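Okay, so here's the structure we're looking at.
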Amino acid sequence: MKVLVVNCGSSSVKYTLFDMDGEKKIAWGIIECIGLPEAYYKRQTSGTEEKKDSVKVTNHTEAVELIIKNLLDKKTGSINNIDEISVVGHRIVHGGEKFSKPVLVTPEVKEGLKSCFAIAPLHNPAHYAGIVAVEKMLPGIPSVLVFDTAFHQTMPDYAYMYALPYELYEKDHIRKYGFHGTSHNYVSQRAAAMLGKPIGELNLITAHLGNGSSITAIQKGKVIDTSMGFTPLPGVVMGTRCGDIDPAIIAYLMDEYPQYRDGATINNLMNKKSGLYGISGLSGDMRTIVKAVAAGNKKAKLAFDMLTYSVKKYISSYFGLLNGIDALVFTAGIGENSPSVREKICENLSALGIEMDVAENNEPSGEERVVSTAKSKVKILIIPTNEELMIARESKKVLSNG
Ligand code: ADP
Numbered sequence: 448m449k450v451l452v453v454n455c456g457s458s459s460v461k462y463t464l465f466d467m468d469g470e471k472k473i474a475w476g477i478i479e480c481i482g483l484p485e486a487y488y489k490r491q492t493s494g495t496e497e498k499k500d501s502v503k504v505t506n507h508t509e510a511v512e513l514i515i516k517n518l519l520d521k522k523t524g525s526i527n528n529i530d531e532i533s534v535v536g537h538r539i540v541h542g543g544e545k546f547s548k549p550v551l552v553t554p555e556v557k558e559g560l561k562s563c564f565a566i567a568p569l570h571n572p573a574h575y576a577g578i579v580a581v582e583k584m585l586p587g588i589p590s591v592l593v594f595d596t597a598f599h600q601t602m603p604d605y606a607y608m609y610a611l612p613y614e615l616y617e618k619d620h621i622r623k624y625g626f627h628g629t630s631h632n633y634v635s636q637r638a639a640a641m642l643g644k645p646i647g648e649l650n651l652i653t654a655h656l657g658n659g660s661s662i663t664a665i666q667k668g669k670v671i672d673t674s675m676g677f678t679p680l681p682g683v684v685m686g687t688r689c690g691d692i693d694p695a696i697i698a699y700l701m702d703e704y705p706q707y708r709d710g711a712t713i714n715n716l717m718n719k720k721s722g723l724y725g726i727s728g729l730s731g732d733m734r735t736i737v738k739a740v741a742a743g744n745k746k747a748k749l750a751f752d753m754l755t756y757s758v759k760k761y762i763s764s765y766f767g768l769l770n771g772i773d774a775l776v777f778t779a780g781i782g783e784n785s786p787s788v789r790e791k792i793c794e795n796l797s798a799l800g801i802e803m804d805v806a807e808n809n810e811p812s813g814e815e816r817v818v819s820t821a822k823s824k825v826k827i828l829i830i831p832t833n834e835e836l837m838i839a840r841e842s843k844k845v846l847s848n849g
C-alpha cells in the first residue's frame, strides 16, 4: 500500500511517498519559494541522489501538479499509475476545536477547514489549495487531513482557557490550541515502545526543539498542557520567536511607536525578529549560536542561556503538573542534534530525578537512544521525530476504518 504525504507550507510544498509495507520512503522532496521569480525543486528517491532544479511555479496548484507529474514520469518516476496511491495524507497546521482527530476529506470537512482560516491565516489557505490541487491531479483517490493541533485537544478547559473575557472564547475561539501535535504524538508512542510499557501507564514530557519549539505534558497518553498557545508564538524562546512575554509590552509598543500600530508589524517583530536571532543579532540558527558561544560572543551566550532556561522552566512546571514523569524526550533539529543544549537543560535537575549521562549525551548518533544515567529515576530519551510517517500511518488508519 502506497501513501502520499503532502505538507503545503505558506510558500512551499513538501511531499513523501511511502510504501507502507515496511514503512519505507520511496520518493520525497520539496518545492520552495513558490510565487517568487525563481522556485526550487529538490527531489530524491530511495535509489537516486538528490536533484535540485530551479522551476517556475506561481502557486500551490502548479507545485502539486509538478510533483505528481514527476512521480508519474515514465523514466524517472516512482509510480506507473495514480491508482497505486491508496490515500493522500495532508498535514494541516490548525484544526481549531472542530477537529480532534484525523478525518477523511469530504465537502463538509473542507468547509470546516475554511472556517479555521481566520485563526491560521498563513497556513490553512495554503493547505486548502493543496487539497484542491491533489483532488484535481488524483481524482478518486481519498485524502485524509492530519492536524498539528489535534493531539492537544485533550487539554482540560482550565489549561486551555486564557483569563480574558469569556465572550472572546465564544465569539473568536481565542484559547490555547498547541502545535507540533503530530510530532509529540509520534515521539510519545516511540518512548512507550522504548520503555516497553503501554502509553496509558506513562507520564511523559516531550520537548520538540526546532526552529519552532514546544514542550508538552502527556499523562497516560493524553496531553494535559503544552507551551504553544492560540498561535505558535508563546512558550519557550525559539529561533526567531520571542516565546512568552508580558502581553502589555505590545500595548506599550503601539503607544510609543507609530510603526507598531498594526498587527502585522508587531507579529513580524515577535515571530521573525526575536528569539535567538533578536537577542544575539546573529542568527536564529542554533548551530551558529553554539559556534559563537564557543568563540566568546556574549550576546550569543545570553540567547543560549535564555532558550535553555525557558525550556527548563517548562519542564520543571510540567513535572509538577504530572506529579512526576517516567521520561523526558528530546526531539526535532535542536533536540536531536545539540548535546550542549540538552546538557544545559538537564543541568541541576537531580531533585526531579533527572540525571544525564553526559558522555552518552555527547555521542553523535541519529538513532533513538537513552542518555540518562543508570540511576536516574527519569529516563532521558532522544527520539528523531518523523511527522511524515505519523501522517502516513494515521491516513492509512482512517482509510481502513472507512
Ligand atoms: P523546523 O522547526 O523548521 O522543522 P528543525 O526541527 O529542522 O526545524 O530544527 C532546526 C534547528 O535545529 C535549527 O536551529 C538548527 O540550527 C538546529 N540544529 C540542527 N542541527 C544542529 C546541530 N548539530 N547542533 C545544534 N543545532 C542544530
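Heads up: the sequence shown at position 297 corresponds to 744 in our numbering, and the numbers run straight through without jumps. Using N, Cα and C, we set each Cβ at its ideal position, and we do this for glycine too. Keep in mind the model is a prediction, meaning the values are calculated, not measured.
Helix, strand or coil at residue i [DSSP, three-state]
i: C455; result: strand
i: F677; result: coil
i: I473; result: strand
i: F546; result: coil
i: G536; result: strand
i: R622; result: coil
i: N650; result: strand
i: R816; result: strand
i: V502; result: strand
i: L513; result: helix
i: A565; result: coil
i: M803; result: strand
i: V683; result: coil
i: L656; result: strand
i: D604; result: helix
i: T495; result: coil
i: D530; result: helix
i: D702; result: helix
i: R708; result: coil
i: S730; result: coil
i: S630; result: helix
i: E790; result: helix
beta-carbon residue i near the ligand ADP non-hydrogen atom, thresh 7 Å
i: G659; result: yes
i: G686; result: yes
i: A580; result: no
i: G849; result: no
i: M733; result: yes
i: G577; result: no
i: S547; result: no
i: N718; result: no
i: K780; result: Note that residue 780 is Gly in the sequence shown, not Lys. At least one heavy atom of the ligand ADP is nearer than 7 Å to the Cβ of G780, so yes.
i: N784; result: yes
DSSP beta-bridge partners of residue i
i: E479; result: Y487
i: D672; result: A664
i: V591; result: G536, L551
i: I829; result: F777, R816
i: V460; result: C455, I478
i: K449; result: D466, I532
Rounded Cβ spacing between residue i and residue j (contact assumed at less than 8 Å)
i: V534; j: S757; result: Going by Cβ atoms, the distance from V534 to S757 rounds to 39 Å, so no, they are not a contact pair.
i: I478; j: V502; result: 7 Å
i: K548; j: T601; result: Contact doesn't hold; Cβ gap of about 11 Å is too wide.
i: A576; j: T629; result: With a Cβ gap of about 20 Å, A576 and T629 do not count as contacting.
i: Y488; j: W475; result: Actually they do not touch by this definition, with Cβ atoms about 12 Å apart.
i: I529; j: L585; result: 5 Å
i: E625; j: T596; result: Checking the displayed sequence, the identity of residue 625 turns out to be Gly instead of Glu. Indeed, because the Cβ distance is near 6 Å, the residues count as touching under 8 Å.
i: V552; j: L518; result: With 8 Å as the limit, V552 and L518 do not qualify as a contact, their Cβ atoms being about 20 Å apart.
Pick from the options that is closest to residue i, judged by C-alpha positions
i: N784; options: A580, R816, C689; result: R816
i: A747; options: E834, L723, I762; result: L723
i: G710; options: K618, I697, K720; result: I697
i: T492; options: A597, K471, A486; result: K471
i: Y633; options: S847, N833, L846, N848; result: N833
i: Q666; options: A567, G771, I481, T755; result: G771
i: A821; options: A839, G800, R840; result: G800
i: I578; options: K557, D595, F564, I566; result: K557
i: E807; options: I829, T778, P612, V684; result: I829
i: A638; options: L483, D773, T495, E810; result: D773
i: I713; options: I692, K522, A610, S458; result: I692
i: C793; options: Y761, N848, F598; result: Y761
i: G813; options: T778, Q706, V684; result: T778
i: I726; options: G542, R840, A695, V684; result: V684
i: R734; options: N658, A798, P681, L592; result: N658
i: S787; options: E617, S823, I736; result: I736
i: C455; options: K449, G494, E512; result: E512
i: F594; options: M448, S562, I539; result: I539
i: M837; options: N650, N506, M467, L560; result: M467
i: M753; options: K791, C480, Q636; result: K791
Check: residue i C-beta below 7 Å from any heavy atom of the ligand GTP
i: V737; result: Of the ligands this structure carries, namely the ligand ADP, none is the ligand GTP.
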